[in-house]
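Colleague: With numbering that gives the first Met the number 0 applied, the sequence shown closes on residue 278, and no number is skipped along the way.
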Amino acid sequence: MIDSKTKLLGLIGHPVDHSFSPIMHNAAIEDLGINYRYLAFDVSEENLKDVVAGAKAFQIAGFNITIPHKMNIMKYLDEIDDDAKAIGAVNTVKIENGKAIGYNTDGIGAKKALEEKTGILINKNILIIGSGGGSRAVSYELAKENKLTIINRNIEKAKILSEELSKNLKKQNSITYGDLNVDIKDFDIIINTTPVGMYPNMNVKPVIPLNDIKYGAVVMDLIYNPLEPVFLKEAIKYGAETINGIGMLVYQGAVSFEIWAGKKPDVYVMKKSINSNIR
Ligand SMILES: NC(=O)c1ccc[n+]([C@@H]2O[C@H](COP(=O)([O-])OP(=O)(O)OC[C@H]3O[C@@H](n4cnc5c(N)ncnc54)[C@H](OP(=O)(O)O)[C@@H]3O)[C@@H](O)[C@H]2O)c1
């Protein structure tokens, strides 16, 4: 029931009409039996400042931020936690005591999704393909305890990201970079953070070939539409374990949810809600 005590959560971005976030968060809310609702708002960049002011004025509980506002929102927030500052993007805002506080749960979401398959991630040799927004969050989180190689079509961007990470992480293992011509046989984990293979351009070549993959390697793609992007099809062909982007989506949402509501949602309920709504 919606009543005078219902707390509002939401997503802001552009576009938002295909987002799974309202489905998975409302499923978690219903499962926990708590008095929240989660809506999606299509917001243009020139309204971001007003959105933050409005959220504070209405005392809504919090909201997620998606493409293209994850960086631009930062200048309107009162506080930003250290991880989000180091990543350089915010995907979660909590309104608390009249302040808008920014967090980034994308990296930890990806790590949790990976750990479902690999167990605790420590001292692994990880290859990250791409150095855009998704890569920044994932690379930051994984570089804390693992050895990272970041490769990118534009090698200069991979260099900048690896240098930034080395500077920002207090305790870090080695972080190196390169172009897409990489020898993959020593990597335990390979993650595609590029949109290569994403709907509607699904019939493309994988971003890098995987024929030399190490036995037992795990391959992840941040893409969740389609559920089995071309990179994962290629990985399966060479015997690798695979993980699509649904896990990251659900876990980043679950961590955001805990920040807002102080309660752990059931990730299985969230996953199920998405799977039963995927066309
Ligand atoms: N599952 C989740 O929760 C989640 C979260 C975040 C993102 N994602 C997904 O991750 C993907 C990337 O998103 P993003 O926000 O990181 O994008 P982004 O900031 O635009 O970065 C895109 C990256 O991909 C590279 N790239 C683009 N087209 C390429 C091509 N044809 N060949 C080789 N490299 C190419 C770019 O390289 P250059 O620098 O050379 O241009 C850049 O490094 C999208 O599919 C998005 O849906 C999923």
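Glycine included, each C-beta is placed from N, C-alpha and C at the ideal position.
When burial is assigned at 16 or more other CB atoms within 10 Å of the CB, is E233 buried or exposed?
Modeller: buried
Colleague: So, helix, strand or coil for Y214, using DSSP?
Modeller: coil
Colleague: Which same chain residues end up closer than 8 Å to Y139 when comparing Cβ atoms and leaving out the 5 residues on each side of it in sequence?
Modeller: D82, A85, I86, G106, L164, N167 and L168
Colleague: Could you compute how far the alpha carbon of Y75 sits from the alpha carbon of R135?
Modeller: 21 Å
Colleague: Return the residue from the list K270, V92 and D80 that minimises the CA-CA distance to T65.
Modeller: Checked all of K270, V92 and D80; the closest Cα to T65 is V92.
Colleague: Is it the case that the Cβ atoms of N151 and G132 are separated by a distance below 8 Å?
Modeller: no
Colleague: Could you check how far apart the C-beta atoms of I183 and I149 are, in whole angstroms? I think they sit under 8 Å.
Modeller: That belief does not hold up - the Cβ atoms of I183 and I149 are roughly 14 Å apart, past 8 Å.
Colleague: My output table needs one value for A39: the three-state DSSP class, helix, strand or coil.
Modeller: strand
Colleague: The beta strand (DSSP E) spanning T148 covers which residue range?
Modeller: Element bounds for T148: K146 to I150.
Colleague: Alpha carbon to alpha carbon, how far is N210 from Y237?
Modeller: 6 Å
Colleague: Could you round the C-beta distance between K55 and A99 to whole angstroms and report it? I think they count as a contact, below 8 Å.
Modeller: Yes, they are in contact, since the Cβ atoms of K55 and A99 sit about 6 Å apart, within 8 Å.
Colleague: When you measure from the CB of I34 to every non-hydrogen atom of ligand 1, does any distance come out below 7 Å?
Modeller: First, the residue type needs correcting, since residue 34 is Asn and not Ile in the sequence shown. No, the beta carbon of N34 sits no closer than 7 Å to any heavy atom of ligand 1.
Colleague: Would S20 and N63 be called neighbours here (beta carbons separated by less than 8 Å)?
Modeller: yes
Colleague: Using 8 Å as the threshold, is the C-beta distance between N200 and I222 below it?
Modeller: Not a contact, by the Cβ cut-off of 8 Å.
Colleague: In chain order, what residues of the same chain have a beta carbon less than 8 Å from the beta carbon of S255, not counting five sequence neighbours either side?
Modeller: These residues qualify, in order along the chain: G61, N63, N90, T91, Y102 and T104.
Colleague: Thinking C-beta only, is M23 closer than 8 Å to I273?
Modeller: Yes, these two residues count as a Cβ contact at 8 Å.
Colleague: Taking DSSP's pairing of strands, which residues face K98 in a bridge?
Modeller: Answer is E95, bridged to K98.
Colleague: In whole angstroms, give me the CA-to-CA distance for I159 and L147.
Modeller: 14 Å
Colleague: Out of curiosity, what's the CA-to-CA distance linking K123 and I188?
Modeller: 7 Å
Colleague: What is the DSSP secondary structure of M23, counted as helix, strand or coil?
Modeller: helix
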